[in-house]
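K.L.:
What follows is a single structure, and I will ask about it in a moment.
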């Protein structure tokens with residue numbers, strides 16, 4: 023797939039379901055990272071922006087998240103999800119596996135698939151319901167309620 027080609031969001035979701043259901047392998051890491059980038063590209067395009075080709079901390083995924091979060095504090099709810107996806111990618115691709123570590127690496131690959139799917143679910147949900155993620159501690163309505171009325175949820 024070329025850098026310009028963008029899979030439809032539904033196709034990304036279907037592929038993630040296949041990867042989540044299948045036995046995970048470290049070889050899935052590049053595809054899972056690419057799927058995460060594609061989901062973020064959908065978000066950036068939905069905001070009417072051209073997706074960046076730059077990187078942040080060595081990952082386009084993180085640069086796309088930063089671009090997508092600009093002006094939308096609720097989008098920061100998935101920042102750690104993006105960072106975790108990049109972290110699992112590094113664990114699976116930069117560290118050589120010793121013979122006794124295969125089970126652990128399979129578990130890391132499984133977790134990476136679940137994290138990529140979580141990112142997909144959040145962003146696809148946010149594309150449908152813009153307010154999704156406003157429960158986050160970085161949300162202005164939550165902070166305003168705490169600042170104006172004392173403790174959050176106090177009567």
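In the working numbering, the protein residues as written are 23 to 177.
Beta carbons are placed, not taken as given, at the ideal position from N, Cα and C, and that holds for glycine.
In whole angstroms, what is the alpha-carbon distance linking residue 108 and residue 68?
P.N.:
23 Å
K.L.:
What are the partner residues of residue 81, as DSSP defines its beta bridges?
P.N.:
Within the DSSP secondary-structure output, residue 81 pairs in a beta bridge with 78.
K.L.:
Can you grab the Cα-Cα spacing for the pair residue 104 / residue 45, in whole Å?
P.N.:
22 Å
K.L.:
Indicate the three-state DSSP secondary structure (helix, strand or coil) for residue 117 in the structure shown.
P.N.:
coil
K.L.:
How is residue 35 classed by DSSP in three states: helix, strand or coil?
P.N.:
helix
K.L.:
Which two residues bound the contiguous alpha helix (DSSP H) that contains residue 96?
P.N.:
That residue, residue 96, is in no alpha helix (DSSP H); it is neither H nor E in DSSP.
K.L.:
According to DSSP, is residue 103 part of a helix, a strand, or is it coil?
P.N.:
helix
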